[in-house]
Every structure is written in structure tokens, then in C-alpha cells.
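By numbering that gives the first Met the number 0, the letter at position 267 of the sequence shown is numbered 266, and the numbering carries on one by one without gaps. Heads up, the beta-carbon is just placed ideally off N, CA and C, and yes, glycines get one too. Some notes on the structure that comes next.
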Amino acid sequence: MLDTPAPTAAAADPTDAAMLRVDAVIRERLASRVALIDQISRYIIGAGGKRIRPRLVLLFSEALGFAGPERYELAAIVEFIHTATLLHDDVVDESALRRGRATANAMFGNAASVLVGDFLYSRAFQMMVSVNRMRVLEVLADATNVIAEGEVLQLMNMHDPDLAVDDYLRVIRFKTAKLFEASARLGAVLAEAPAALEESCAEFGRSLGTAFQLVDDLLDYEGNSSELGKNVGDDLREGKPTLPLLLAMERSGTADRALIRHAIEHGELQKLPEILAIVRGTGALDATRDAAEGEARKASAVLDALPPSRAREALLELCARSIHRSS
Ligand code: GRG
């Protein structure tokens, strides 16, 4: 089990009030003179989302003593980038449900979703320019580039039942952990923290982001669509070789392994119940959760480099919540 405390419902998050400021920035910066952009961007952003990445910016800047208004702008920027990737990803994956609603591609079509994703992505860069710090631009230009590489790598790995676990991990570090890493790092950049401390923050984000995606991949098998706000089984439908399947293949006999291989190669959802039974029976889901807990533990350990503060406690809590979640 994770060493971090179990999440407590009553714990006050020091970013709650600051997040209201971030939401105000988000609303203000979504504005476009083009009605369809307004409609779609408000549709997806208004659906909520956990806002984890902006919280990382706020918590790291607070933990390191920075309280300037740029933190709200940067928090909104990472949420815009995240939302742009979701808009694009749902088109690529042909997903129908996101944040408990029909996806933007299902509601407005693929072309509109991709283009509004481009709007949010480029608006994020306009906002970065307004922060006027070359290092911020560098961190986010690098991160978005790596995220795109991760998605292309994932595309190349699709339908490949022989994917190595290390190659799977590389994809999730690129496509998901990189934005967590950048968000945490930006808190340190704002606070002008020494290089070694900035690296520790980045390492926290990398580990937490990896844990987060491992749980995401797990929930695609054992989650509940209404709690998750997206359809379970999407990964299998697409033939995506994620850790639960890779581990189940390693641990199962010839017939079960052949069933999973076939499902990955052909992207079959009909066999989901049988595959779920194999994934559960072989302990692959538990092993995936263990891997996520290991990453979350690594993230928690990094926090020792930070001075004690409310924000540091909230980061610890975030590690626990990222593992023990149903959405
Ligand atoms: C636009 C830079 C750019 C790249 C496009 C499509 C693509 C390349 C990247 C997709 C990356 C992606 C969607 C990774 C998955 C990340 C992930 C776990 C998303 C879900 O995050 P949550 O659970 O979502 O934080 P909410 O809805 O809570 O905000």
C-alpha cells in the first residue's frame, strides 16, 4: 500500500480559493469572436474535469513561496493545453464520452474538435507570451512537443501484442507524465527555485503523471463508465496494448494469451468480459495498481526536498487521490 495518507474527504486544499481565480482566467481567455469556438471550448471546459495540472502549478509555486498573479495565468495555460490534447485525442480514438458528456467530436464533428483544439493550444501560447518569461515558453514548447511524440509513438504501437513494457512506459511518460512534469516544474520556475529543486519538482510531476496514467489504463478495465465519465473498454476496442493486457499475457496460458493477442490485433470489444476475467484472474490489474503505487511513492518521497507547508501536505494528498480514484 501507498505510504501517503489515505485521502480524507474533509482535507482543505489550499488551492481551492486560488482555483476560483484560475477559473476566472479560463473563462476570460476562452473568448473568441468566432461563435463556434466559444461554443465548443465552453462545452468541454464547462464539463469540469479534475483540474489536477493547474493545481500542480499552484501548489508548487505556493510551496516554494511564489504568490504573484502569473501563477493563475500559468495554471490556466496548462489546463488549456490539456484540454486541447483531449479534443484531439477523442478524435484520434473515436471516443464518444468524456467528462460524463458526449465528446465534442460526437456533438460537433471531428473537424470542429480538431480546430478548436488548435485554438486552445495556440491561445495557450499567446498567454505564455503575456507571462514574458523565456523559460516558461521553453518548458511548455518542449512539453507539448514530447506529448505529440508520445501520441505518435502510441499510434505506432497500436495492435501490437508484442509491445515491451518499457516501450509502453515510454509512451505514458511522453503523452501524460510530461504535462504533469511541466506543471510541477513551472511552479518552481515562477519561484525561481535553484536548478536542483526545480528538477525535484519535475521528478515529482513525472512520477505522479506516470502513476496517474497507469490508473487510467487500469480503470479502462475495472472502472465504471458513469463514475469515470468515459466509456470503459475503449482501449480494448482500439487494440491498445496497455499494462493490464501486457501483464495478463505474460501470466496466462496458451489459450488465454491467444485470446488477448487476437483482441489487441483486431481491436475487439465483444470479448471484454472474458478478457476482464483473465486480467483479474492473473493478478494483472493488481500488478498495474502496484506499479502505480510505486510511482506515487516515488513522487511522495521527492516532496522531502521541499520545506514543510500546507501546499506540501496537499501535494502528498494529491498522490494518494491520484491512485485511489474512480474518475
Ligand atoms: C495538442 C500538444 C497537442 C498534442 C496532441 C492527441 C495528443 C497530441 C495528445 C493526447 C494526450 C493525452 C490525452 C493523454 C492522456 C492524458 C490523460 C490521462 C487524460 C485524462 O486526464 P484527466 O483524468 O482528465 O485529468 P480531466 O477530465 O479530469 O481533466
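In the displayed model, L63 falls within coil according to three-state DSSP, outside both helix and strand. Per DSSP, the unbroken alpha helix (DSSP H) holding A300 starts and ends at 283-301. Rounded to the nearest whole angstrom, the C-alpha separation of M106 and G47 is 17 Å. Ranked by Cα distance from E237, the options S60, V91, H87 are led by V91. The stretch 212-221 makes no contact with the stretch 249-257; the number of CB pairs closer than 8 Å stays below 3.
Residue pairing from DSSP places R97 in a beta bridge opposite R100. Check the Cα spacing between T253 and each of Y167, L271, I277, H265: the tightest is with I277. Excluding sequence positions up to five before and after V56, its CB lies within less than 7 Å of the CB of R70, L73, A74, V77, S182, L185, G186, all in the same chain and listed in chain order.
The residue among G208, M18, R311 with its C-alpha nearest the C-alpha of V170 is G208.
In the DSSP annotation of this structure, the continuous segment of the alpha helix (DSSP H) that includes D88 starts and ends at 69-91.
With contacts defined as CB atoms closer than 9 Å, L136 and V113 fail to qualify as a contacting pair. Looking at the backbone, the Cα of L152 and that of G204 are separated by about 21 Å. The alpha-carbon of Q125 is positioned some 18 Å away from that of L178. With contacts defined by Cβ atoms closer than 9 Å, A283 and L244 form a contacting pair. Residues S325, S326 of the same chain have their beta carbon placed closer than 6 Å to that of E226, with the five preceding and five following residues left out of the count. Here M155 carries a helix assignment [DSSP, helix/strand/coil].
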